[in-house]
Amino acid sequence: QLVLEHLKGVKSQTEICRENTISPSLFAKWCRQFQERVPLIFDDSQKNKQAEQIARLEQIVGRQTIEIDFLKRGLRIFGH
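With the first letter of the sequence shown counted as 1, position 38 gets the number 38 in full-length UniProt numbering; the numbers rise by one all the way through.
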């Protein structure tokens, strides 16, 4: 949250460090780590969306396979 306040421009690094008794080097490290990890957050979100879409499509394919098998059996029974 402190890093976000700084990146949004709500408070300066100096203000945040002084108010929270944090060394500037530690806060700078937190900022670097945050900026390095942000893409991973969005990447995981995208992977989750893709996994959900794949699961939905697999369900559709499964239902269609069952319907096709059912219709093929019906055709065999009625001699077509």
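C-beta: ideal position from N, C-alpha, C; glycine also.
Test item: CB-CB of residue i and residue j under 9 Å
i, j, result
"Glu5", "Ile16", "yes"
"Phe34", "Leu7", "yes"
"Phe27", "Val10", "no"
Three-state secondary structure assigned by DSSP to residue i
i, result
"Phe42", "helix"
"Lys72", "helix"
"Val3", "helix"
"Lys47", "helix"
"Thr21", "coil"
"Gly62", "helix"
"Lys11", "coil"
"Phe34", "helix"
Contact test: residue i Cβ vs the ligand PLP heavy atom, cutoff 8 Å
i, result
"Asp44", "For the ligand PLP, the structure offers nothing, since it holds no ligand at all."
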